[in-house]
Amino acid sequence: MSKVVTIGGGLAGGPDKLGPGIAVANSGRVSWMGLDCLSERSLALGQVRRNADPTQGHWERIPEFLDGYGQFLMTGGRVVTNFGVANVEAAREAVIAGARKRGFDGLVFGFVHGDNVLDMAIKRDLELPEMGGRCSDYGDQVISANAYIGAEPIVHLLEQGANLVVGGRIADPSLFVAPICFELDCGLDDWSKVGNATVAGHILECGTMATGANYSDPPYRIVRNQVEFGAPLAEVSESEVIFTKLEGTGGLVDSGVAKSQLYYEVHDPSAYLTPDVTADFSDLSVEEIAEDRVRVTGGTGRERPLSLKVLVGLDLGWKSVGEISFGGSGCLDRMREAKELIQARLEPFQSEINEITFGAHGYDVLFGRPLTLNEPTEVRFRVAARCATRECATAVADEVFQLHWGPVASGGAISNIVPAIGVTQAFLPRRDVKLETEIIKI
Amino acid sequence: MKVREIAYSRSGDKGDISNVCVFAYDAINWPILRDSLTVDLVRAQFKDLVRGSITRYDLPKMWGMNFVMESALGGGVSMTLRADPQGRAFATLMLEIDLGAAPPEGSHAGPSEVCR
Numbered sequence: 001m002s003k004v005v006t007i008g009g010g011l012a013g014g015p016d017k018l019g020p021g022i023a024v025a026n027s028g029r030v031s032w033m034g035l036d037c038l039s040e041r042s043l044a045l046g047q048v049r050r051n052a053d054p055t056q057g058h059w060e061r062i063p064e065f066l067d068g069y070g071q072f073l074m075t076g077g078r079v080v081t082n083f084g085v086a087n088v089e090a091a092r093e094a095v096i097a098g099a100r101k102r103g104f105d106g107l108v109f110g111f112v113h114g115d116n117v118l119d120m121a122i123k124r125d126l127e128l129p130e131m132g133g134r135c136s137d138y139g140d141q142v143i144s145a146n147a148y149i150g151a152e153p154i155v156h157l158l159e160q161g162a163n164l165v166v167g168g169r170i171a172d173p174s175l176f177v178a179p180i181c182f183e184l185d186c187g188l189d190d191w192s193k194v195g196n197a198t199v200a201g202h203i204l205e206c207g208t209m210a211t212g213a214n215y216s217d218p219p220y221r222i223v224r225n226q227v228e229f230g231a232p233l234a235e236v237s238e239s240e241v242i243f244t245k246l247e248g249t250g251g252l253v254d255s256g257v258a259k260s261q262l263y264y265e266v267h268d269p270s271a272y273l274t275p276d277v278t279a280d281f282s283d284l285s286v287e288e289i290a291e292d293r294v295r296v297t298g299g300t301g302r303e304r305p306l307s308l309k310v311l312v313g314l315d316l317g318w319k320s321v322g323e324i325s326f327g328g329s330g331c332l333d334r335m336r337e338a339k340e341l342i343q344a345r346l347e348p349f350q351s352e353i354n355e356i357t358f359g360a361h362g363y364d365v366l367f368g369r370p371l372t373l374n375e376p377t378e379v380r381f382r383v384a385a386r387c388a389t390r391e392c393a394t395a396v397a398d399e400v401f402q403l404h405w406g407p408v409a410s411g412g413a414i415s416n417i418v419p420a421i422g423v424t425q426a427f428l429p430r431r432d433v434k435l436e437t438e439i440i441k442i
Numbered sequence: 443m444k445v446r447e448i449a450y451s452r453s454g455d456k457g458d459i460s461n462v463c464v465f466a467y468d469a470i471n472w473p474i475l476r477d478s479l480t481v482d483l484v485r486a487q488f489k490d491l492v493r494g495s496i497t498r499y500d501l502p503k504m505w506g507m508n509f510v511m512e513s514a515l516g517g518g519v520s521m522t523l524r525a526d527p528q529g530r531a532f533a534t535l536m537l538e539i540d541l542g543a544a545p546p547e548g549s550h551a552g553p554s555e556v557c558r
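These protein sequence lines map, in sequence, to chains A and B.
Sequence positions in the first sequence follow the working numbering and run 1 to 442.
Sequence positions in the second sequence follow the working numbering and run 443 to 558.
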């Protein structure tokens with residue numbers, strides 16, 4: 001029988017609940033945990049925090065992590081995470097100081113540096129295909145550029161005994177592919193096995209979405225005890241992935257949940273691109289082998305992409321969103337009148353408004369059109385604008401508030417103004433991204 | 443018959459690309475889904491929400507398919523002004539599509555058979 005790696009997925013993003021993952025870590029069922037703390041925007045938002053304060057830009061919950069995962073780490077468990085976000089150095093300080101304070105003697109910490117490629121992106125004037133332009137078109141609006149990190153530097157750190165590996169933009173599945181391939185002792189150029197490990201990584205990277213979150217749709221799909229979803233854990237061999245959750249935890253692991261998660265954020269199923277592999281999910285099989293226990297087979301892969309994806313953060317000014325409610329007969333007519341008023345009143349700001357949209361919750365906000373012909377009994381008017389200046393964003397918000405005195409019986413105005421940080425993709429040749437690793441023992 | 447009667451779905455986002463995967467609950471309904479849920483029907487349902495191409499990838503062993511829709515999120519999750527930046531609700535918009543056919547004889551469509 002081939003070797004089996006046991007690994008859990010503890011987070012689906014930085015703000016996710018830590019408890020379910022900690023329960024898996026402390027269950028005795030896994031040797032490894034992977035924690036994905038990032039979304040596409042995280043690096044750019046982290047860079048903004050770092051620019052404002054050079055000691056910031058990493059995940060803010062490292063003390064909470066150390067409290068929760070201390071027992072796991074001190075009893076031989078090992079963790080791979082990307083919670084360095086935009087400041088791995090600051091995360092390192094927080095981890096080392098926090099570990100010393102808690103008496104975590106004897107632990108080995110590994111750090112991956114070098115995913116920040118902002119200087120290179122600007123110097124080479126990288127193409128931004130989704131924007132139809134290049135970095136130079138955006139000048140000093142280009143605020144961050146981070147290359148995706150694959151399994152390679154992580155495996156290098158694991159070989160040196162790291163109990164905890166921390167990086168910045170480590171690709172979500174690579175958090176899992178690295179420990180799986182390390183423990184199975186399979187080469188990172190063994191594409192079929194790396195493809196199978198990527199199946200596991202893809203299931204685990206979204207935490208409870210593999211155990212029934214984002215799935216309930218009564219009366220068609222009933223998910224038990226969603227109050228406390230269990231986090232997912234997997235048993236991975238060279239050619240199959242079995243995943244499950246702890247007994248007694250909430251949620252559901254069945255073939256429907258498995259299929260939904262396997263193809264979540266996948267485009268061409270025969271070419272799921274990661275820094276590690278061109279994974280092939282086109283011939284997978286799922287099988288319910290026991291309650292809350294599913295086996296996935298057929299995951300394979302081909303040579304990894306030659307280029308690394310880079311996430312480029314752009315400062316696009318300010319985003320302003322305002323809402324106010326109208327109800328009863330004629331609510332749509334009054335809302336349309338409100339829209340005309342807003343447009344007329346914002347006329348002086350036209351040159352500073354880069355984009356503006358109008359819609360109504362309960363009517364057309366999600367789908368751009370109503371799906372029925374019935375007039376709604378109430379609507380919540382929504383104005384959203386992207387503005388070049390804060391003054392303009394404030395004006396948009398203020399004009400929504402002014403509707404309090406507009407068409408009759410409007411109420412409950414709220415507004416929100418946030419920096420508009422856009423993230424778009426670019427590509428760099430893999431060999432040009434120089435990643436470095438660092439080991440610290442305490 | 444709406445897609446929701448025989449299938450379930452999940453949507454995901456990467457940049458300005460949305461993917462919506464759709465799976466029949468039962469093998470018997472997979473041919474219906476495969477033959478009737480066409481790219482043209484999906485385009486007609488998503489209308490102006492999707493400005494780019496729509497590609498369908500079939501997953502017969504899963505009794506399902508994956509629709510990949512480009513320029514579909516108003517510029518992408520970080521740039522869009524939409525109320526649902528990730529297009530999470532696209533999964534439900536897909537299930538609202540009317541396939542124009544009745545559930546087949548012996549079909550396990552509907553809530554009573556799929557609840558657990």
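Positions of the beta carbon are idealized from the N, C-alpha and C atoms, including for glycine.
- In the structure shown, phenylalanine 104 of chain A falls within a coil segment according to DSSP collapsed to helix, strand and coil.
- Put simply, the CB of valine 519 of chain B is near chain A, with a gap under 8 Å to one of its CB atoms.
- For the region 462–490 of chain B, the residues whose beta carbon sits under 7 Å from a beta carbon of chain A are, in order, Cys463, Phe465, Lys489 and Asp490.
- Remark: C-beta atoms of glycine 195 of chain A and aspartate 280 of chain A approach each other more closely than 8 Å.
- Assigned with DSSP and collapsed to three states, arginine 382 of chain A falls in strand.
- A straight line joining the alpha-carbon of isoleucine 356 of chain A with that of glycine 68 of chain A spans about 44 Å.
- Any Cβ of chain A closer than 8 Å to the Cβ of methionine 504 of chain B would place that residue at the interface, and such an atom is present.
- Counting along the chain, glycine 322 of chain A sits inside the beta strand (DSSP E) bounded by residues 307–327.
- Take glutamate 538 of chain B, set aside five residues on each side of it, and the residues of its chain with a beta-carbon closer than 8 Å to its own are Lys444, Val445, Arg446 and Gln487, in chain order.
- The three-state reading of DSSP puts methionine 33 of chain A in strand, counting E and B together.
- What glycine 454 of chain B touches in chain A, judged by beta-carbon distance under 9 Å, is Tyr263, Tyr264, Glu265 and Val266, going in chain order.
- Under a criterion of Cβ atoms nearer than 7 Å, no residue of chain A is adjacent to glycine 542 of chain B; the nearest Cβ is some 17 Å distant.
- At a cut-off of 8 Å between beta-carbon atoms, arginine 446 of chain B makes contact with chain A.
- Its Cα nearest to that of proline 305 of chain A, the residue A:Thr278 stands out among A:Thr278, A:Gly313, A:Val296 and A:Glu287.
- Taking 3 residues as the shortest admissible run, the region 185–258 of chain A contains the following complete beta strand (DSSP E) segments, listed from N- to C-terminal end: 232–236 and 240–245.
- For the region 525–540 of chain B, the beta-carbon criterion of a distance under 7 Å to any beta-carbon of chain A is satisfied by Ala525, Asp526, Ala531, Leu535 and Glu538.
- Between the C-alpha atoms of leucine 308 of chain A and glycine 150 of chain A there is a straight-line separation of about 9 Å.
- Across the region 248–262 of chain A, CB contacts with chain B closer than 7 Å involve Gly256, Lys259 and Ser260, in sequence order along the chain.
- Shown here, valine 4 of chain A sits in coil according to DSSP, grouped into three states, outside any helix or strand.
- Using a Cβ distance threshold of 8 Å, isoleucine 353 of chain A and cysteine 387 of chain A count as a contacting pair.
- In the structure shown, proline 179 of chain A adopts helical secondary structure according to DSSP, grouped into three states.
- Its chain contains no residue whose beta carbon lies nearer than 6 Å to that of glycine 76 of chain A once the 5 sequence neighbours on both sides are disregarded.
- Taking every protein chain shown into account, the CB of tryptophan 505 of chain B has 16 or more other CB atoms within 10 angstroms, so this residue is buried.
- The beta carbon of glycine 494 of chain B does not come within 8 Å of any beta carbon belonging to chain A, so the residue lies off that interface.
- With 16 or more neighbouring CB atoms inside 10 Å of its own CB, leucine 314 of chain A falls in the buried class.
- In the three-state DSSP reduction, lysine 441 of chain A falls in the strand class (E or B).
- An exposed status is given to proline 429 of chain A, since fewer than 16 other beta-carbon atoms sit within 10 Å of its beta-carbon.
- For the pair of segments examined, the region 196–211 of chain A was found to touch the region 259–266 of chain A: the number of CB pairs separated by less than 8 Å reaches three.
- In the three-state scheme derived from DSSP, where H, G and I count as helix and E and B as strand, arginine 304 of chain A is classed as coil.
- The beta carbon of glutamate 64 of chain A is closer than 8 Å to those of Leu18 in its chain, skipping five residues each way along the sequence.
- With respect to the 8 Å criterion, threonine 389 of chain A and glycine 317 of chain A are classified as neighbours on the basis of their beta carbons.
- For leucine 284 of chain A, the nearest beta carbon of chain B is closer than 8 Å to its own beta carbon.
- Assignment of beta-bridge partners to lysine 444 of chain B by DSSP yields B:Asp540.
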